[in-house]
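Protein chains in written order, with the numbering used here: chain G, 8 to 274; chain W, 8 to 274.
Here it is, written out as structure tokens:
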């Protein structure tokens, strides 16, 4: 199985040109599963609810999901991509999972970052795992990485691969994914954006360096911080099924569930 | 508050000389809380149950805890240190927490590594947090770090500082502690040993690089891989009480406990 990502710099609010750029880059993707950044169609730095209402889209009828479905069918690939979702009166920071046969489903970001809380509702889907050609694919969006519970829950649900749509502004995630993949014995694709969003006095710079990480903490590839990139790598995805770190230690069987109660107890 | 560690290379089975070396190094410690490596008194690489029976000690009556209690009183310091513990017919990979006033308690390693499983019983204490002069101190031993639940449970129990007695042979822990401290907003002291244990055909090389990590993922100090070191650093230990990453995100309040059920459900 070949897995990869598209990294580029969406321009805030310019959906048509962002979709066109993504389509051009995706045309160069050679593989089975490709991840795009969080909010790849809209840009990230919303400063008003009006903007969210204007740029959020229904899934699967909006132009972004419609385009992804066409590309997935035409190129016979699976795409995981982030976009602002409209669902009735509510808005979510979501990621769609699209196959050549149609929409597999939507994940809504569980852990909202910073001012996203002003405009979006906390995800109500829980952690979700999708089946793609025998590969179990978990999805998370950006700041979800910060909480070790996210990837732990996905891994315990059988994820072989975590597709991580990101717009990272802090410097920690790429190195942390080594630990996340190691502790869970899974692959991960972090698709990050580059460039910046400047909205009046507000500015965010994104760190690029999209990364594919292996189940023993191997960095299989780390992109540049600046450039548009389309990358894929062949992996034996079922290496994730072997949780045996050595003849005596199994990552899951060794968990001391009897000691972890505080983790699921509200403070 | 000044926190630190002692890093050195115990010689397997040579308890008297290991204790003497530790005592000499501790005499140079300038601070409040100091951490020593896992099994600092005995060495690590047990190859028979007979050896465990010979080298394990009762707590607090054995020579190792007795010496630590004397040093803690004489130098007016707190010591967290790892040793093989005898408790009736059972043996644990334990860490003692010693104050100038006496023994504060014992933690027994929850997640045993590799052939430790042949000789030791899984810890039955759960994760423990001790109060040292208003600083809440969690304890873990070596491989416990691999499971994100360990430090999560300690942090949720109020730990400001995690004292981590280690004999690391894999290259991942020191970088992972950046993630562990960041995701939990706590300080950590990883006291690792150096050198090697060679027992017949078996050999382990330990990685040194003991590390003090801050609650925003700062590496406050990383030791050399090879040398004996005694180190301490002044920290504002209560920085750990601020779990606010930014005006919108609190590391604990943002946890989606409603989504984490699988973590405390046995597979």
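We put the CB at the ideal spot given by N, CA and C, even for glycine.
Check your understanding: Mind checking if residue 239/G is an interface residue toward chain W, Cβ cutoff 7 Å exclusive?
Key -> Counting from one through the first chain, the residue named residue 239/G turns up at place 232. Not one chain W Cβ lies under 7 Å of residue 239/G.
Practice item. Please list, in chain order, all residues of the same chain as residue 56/G whose beta carbon is under 7 Å from its beta carbon, the five residues on each side excluded. Key: Along the first chain, one-based indexing puts residue 56/G at 49. So the list reads 126, once near-sequence residues are dropped.
Exercise for review: Would you please verify whether the beta carbon of residue 266/W is less than 7 Å from any beta carbon of chain G?
Suggested key: On the second chain, residue 266/W is found 259 positions in, with the first residue counted as 1. With 7 Å as the cut-off, residue 266/W counts as an interface residue toward chain G.
Review point. Taking just the CA atoms, how far does residue 106/G sit from residue 181/W?
Key: By one-based count along the second chain, residue 181/W stands at place 174. By one-based count along the first chain, residue 106/G stands at place 99. Near 40 Å, if we compare the C-alpha coordinates of residue 106/G and residue 181/W.
Check your understanding: Using a beta-carbon distance below 7 Å, is residue 126/G in contact with chain W?
Key -> Taking the first residue of the first chain as 1, we reach residue 126/G at position 119. By this cut-off, residue 126/G is not an interface position.
Check your understanding: How about residue 271/W: is its C-beta nearer than 7 Å to some C-beta of chain G?
Key -> If you number the second chain from 1, residue 271/W lands on position 264. Residue 271/W counts as touching chain G.
Check your understanding: If residue 192/G sits next to residue 117/G, beta carbons under 8 Å apart, how far is it from one beta carbon to the other, in whole angstroms?
Key -> Against the first chain, residue 192/G aligns to sequence position 185. Against the first chain, residue 117/G aligns to sequence position 110. Their Cβ separation, rounded to whole angstroms, is 22 Å, which puts residue 192/G and residue 117/G out of contact at 8 Å.
Review point. Which chain W residues sit within Cβ distance under 7 Å of residue 183/G?
Key: Position 176 of the first chain, counting from 1, holds the residue named residue 183/G. 186, listed in chain order.
Point to revise | Beta-bridge pairing of residue 97/W - partner residues as DSSP gives them | key: Indexing the second chain from 1 puts residue 97/W at position 90. DSSP, once it has assigned bridges, lists 94/W as partnering residue 97/W.
Check your understanding: In whole angstroms, what separates the C-alpha of residue 162/W from that of residue 111/G?
Key -> Counting from one through the second chain, the residue named residue 162/W turns up at place 155. Counting from one through the first chain, the residue named residue 111/G turns up at place 104. In a straight line, the C-alpha of residue 162/W is about 37 Å away from that of residue 111/G.
Review point. Where do the N-terminal and C-terminal ends of the alpha helix (DSSP H) with residue 66/G fall, by residue?
Key: Looking up residue 66/G in the first chain gives position 59. Premise fails: residue 66/G is in no alpha helix (DSSP H) and is neither H nor E.
**Study point:** Spatial neighbours of residue 143/W in its chain, beta-carbon cut-off 8 Å, leaving aside the 5 residues before and after
**Key:** Translated into positions along the second chain, residue 143/W becomes position 136. For residue 143/W, where only same-chain residues beyond five positions count, the Cβ hits under 8 Å are 136, 137, 164, 165, 166, 167 and 168.
Exercise for review: Just the C-alpha distance for residue 152/G and residue 98/G, rounded to the nearest angstrom, thanks.
Suggested key: Start at 1 with the first residue of the first chain, and residue 152/G comes out as number 145. Start at 1 with the first residue of the first chain, and residue 98/G comes out as number 91. Whole-angstrom Cα-Cα distance: 21 Å.
Exercise for review: Using a Cβ-Cβ cut-off of 7 Å, state whether residue 261/W counts as contacting chain G.
Suggested key: As a first step, residue 261/W is located in the second chain; it is residue number 254 there, counting from the start. So yes, residue 261/W belongs to the interface.
Point to revise | Pick from 222/W, 43/W, 93/W and 26/W that is closest to residue 199/W, judged by C-alpha positions | key: Within the second chain, numbered from 1, the residue matching residue 199/W stands at position 192. Residue 43/W is the option with its Cα nearest to residue 199/W.
Check your understanding: Which whole-angstrom value is the C-beta distance of residue 235/G and residue 33/G, which I expect to be below 8 Å?
Key -> Mapped onto the first chain, residue 235/G falls at position 228. Mapped onto the first chain, residue 33/G falls at position 26. Incorrect: roughly 12 Å between the Cβ atoms, too far for contact.
Check your understanding: Are residue 264/W and residue 170/W touching if we call contact CB-CB under 7 Å?
Key -> As a working mapping, residue 264/W is identified with position 257 in the second chain. As a working mapping, residue 170/W is identified with position 163 in the second chain. Cβ distance not < 7 Å, so residue 264/W and residue 170/W don't count as in contact.
Exercise for review: Pick out whichever of 59/W, 201/W and 53/W has its Cα sitting closest to the Cα of residue 95/W.
Suggested key: Position 88 of the second chain holds residue 95/W. It is 59/W whose Cα lies nearest to the Cα of residue 95/W.
Practice item. Flag this pair as yes or no: are the beta carbons of residue 216/W and residue 195/W separated by less than 7 Å? Key: If you number the second chain from 1, residue 216/W lands on position 209. If you number the second chain from 1, residue 195/W lands on position 188. In this structure, residue 195/W does not lie closer than 7 Å to residue 216/W by Cβ.
Review point. In its own chain, which residues sit with a C-beta less than 8 Å from the C-beta of residue 159/G, not counting the 5 before and 5 after it?
Key: For the purposes of this step, residue 159/G is taken as residue 152 along the first chain, with counting starting at 1. Only 190 and 191 meet the Cβ criterion.
Review point. So, residue 89/W versus residue 237/W, is the Cβ gap smaller than 7 Å?
Key: Working through the second chain from its first residue, we reach residue 89/W at position 82. Working through the second chain from its first residue, we reach residue 237/W at position 230. No, Cβ-Cβ distance for residue 89/W and residue 237/W is not below 7 Å.
**Study point:** Euclidean distance between Cα positions of residue 51/G and residue 148/W
**Key:** What you label residue 51/G is simply residue 44 of the first chain in a count that begins at 1. What you label residue 148/W is simply residue 141 of the second chain in a count that begins at 1. Between residue 51/G and residue 148/W, the C-alpha separation is close to 42 Å.
Review point. By Cβ distance below 6 Å, which residues in the same chain neighbour residue 251/W in space, the five residues on each side in sequence not counted?
Key: Locating residue 251/W in the second chain gives position 244, counting from the first residue. Cβ neighbours of residue 251/W beyond the five flanking positions: 257.
**Study point:** DSSP three-state assignment for residue 25/W, whether helix, strand or coil
**Key:** The residue given as residue 25/W occupies position 18 in the second chain. In the structure shown, residue 25/W sits in a helix (DSSP, three-state: H, G or I).
Practice item. Could you pull out every unbroken alpha helix (DSSP H) segment of at least 4 residues lying fully inside the segment 123–172 of chain W, listed in chain order? Key: 123–126 and 155–163
Exercise for review: Could you say which of 120/G, 68/G, 197/G and 82/G lies nearest to residue 221/G if we only look at CA atoms?
Suggested key: The residue labelled residue 221/G in the question sits at position 214 within the first chain. It is 197/G.
Point to revise | Bounding residues of the beta strand (DSSP E) (the contiguous stretch that carries residue 244/G) | key: Within the first chain, numbered from 1, the residue matching residue 244/G stands at position 237. No beta strand (DSSP E) contains residue 244/G, which DSSP labels as neither H nor E.
**Study point:** residue 140/G classed as buried or exposed, judged by whether at least 16 other C-beta atoms fall within 10 angstroms
**Key:** Residue 140/G sits at position 133 when you count from the first residue of the first chain. Residue 140/G comes out exposed.
Check your understanding: Can you list, in chain order, the stretches of the beta strand (DSSP E) that have 3 or more residues and sit fully within the segment 178–261 of chain G?
Key -> 194–198, 203–206, 209–212, 218–220, 226–229, 236–241 and 251–253
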